[in-house]
Amino acid sequence: MAHPVYRVTGFEIVGPQTLRVEFDDATAQVIDFAGVLAGDVYGPLQDEQVFRGVEIDPEIHTLVWPCGADFDPAVLHDWPAHADEMRRLARRWRAAAPLHRRAVHLSSKRMRPPRTKVARG
Numbered sequence: 345m346a347h348p349v350y351r352v353t354g355f356e357i358v359g360p361q362t363l364r365v366e367f368d369d370a371t372a373q374v375i376d377f378a379g380v381l382a383g384d385v386y387g388p389l390q391d392e393q394v395f396r397g398v399e400i401d402p403e404i405h406t407l408v409w410p411c412g413a414d415f416d417p418a419v420l421h422d423w424p425a426h427a428d429e430m431r432r433l434a435r436r437w438r439a440a441a442p443l444h445r446r447a448v449h450l451s452s453k454r455m456r457p458p459r460t461k462v463a464r465g
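To convert, count from 1 in the sequence shown and add 344; that's the working numbering.
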């Protein structure tokens, strides 16, 4: 099945973590991203300054942020059909985050060389 191709042509910040996104087929969506901003990719967008750094990528014609986050323009275009799934994924990312952080923390301790005591005289 062919994936529809849409291009983001404009956007406006209309509220905290909310954008009005315009597309090349003359449609628009008002998208509240608050419920999906979790995990390593989208979590940084919870910071208002980071969120306001949104731009349109001139090559792929979608919304991008300096932190590396982006969304498929087809998902943005059909946001009402994808919003519940995105929120479900965000809940999973939130639930996994503490375990991931603990694992990284513990593994970094194991990677350190053992401390040696230095005798001072």
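Note that the Cβ used here is the ideal one computed from N, Cα and C, for glycine as well. Remember, it's a predicted structure, so these values are computed and weren't measured experimentally.
(request) Using the Cα positions of E429 and G379, report the straight-line distance between them to the nearest angstrom. (result) Taking the first residue of the sequence shown as 1, we reach residue 429 at position 85. Taking the first residue of the sequence shown as 1, we reach residue 379 at position 35. Rounded to whole angstroms, E429 to G379 spans 11 Å at the Cα level.
(request) Determine the direct distance from the alpha carbon of A439 to that of L420, and round the result to whole angstroms. (result) Here residue 420 refers to the residue found at position 76 when the sequence shown is read from its first residue. Here residue 439 refers to the residue found at position 95 when the sequence shown is read from its first residue. Answer to the nearest angstrom: the Cα atoms are 24 Å apart.
(message) Using the three-state DSSP reduction, which class does L407 fall into: helix, strand or coil?
(response) The residue given as residue 407 occupies position 63 in the sequence shown. L407 falls in the strand class under three-state DSSP.
(message) Going by DSSP in three states, R454 sits in which element: helix, strand or coil?
(response) As a position in the sequence shown, residue 454 is number 110, starting the count at 1. The pLDDT assigned to R454 is 41, lower than 50, so where the model puts this residue is not dependable; a value taken from the coordinates is nonetheless given after this. DSSP places R454 in helix when its eight states are reduced to three.
(message) Measuring straight from C-alpha to C-alpha, what distance separates L407 and E366?
(response) Residue mapping note: residue 407 aligns to position 63 of the sequence shown, counting from 1. Residue mapping note: residue 366 aligns to position 22 of the sequence shown, counting from 1. For L407 and E366, the distance between alpha carbons rounds to 11 Å.
(request) List the endpoints of the continuous beta strand (DSSP E) containing G502. (result) Because the chain in this structure spans residues 345 to 465, residue 502 falls outside the shown range and cannot be described.
(request) Could you tell me the distance, in whole angstroms, from the CA atom of R435 to the CA atom of Q361? (result) For the purposes of this step, residue 435 is taken as the residue at position 91 of the sequence shown. For the purposes of this step, residue 361 is taken as the residue at position 17 of the sequence shown. Distance between the alpha carbons of R435 and Q361: 17 Å.
(request) Please work out which residues of its chain come closer than 8 Å, Cβ to Cβ, to T347, disregarding the five sequence neighbours upstream and downstream, and give them in chain order. (result) As a position in the sequence shown, residue 347 is number 3, starting the count at 1. According to the sequence shown, residue 347 is His rather than Thr. Only A418 meet the Cβ criterion.
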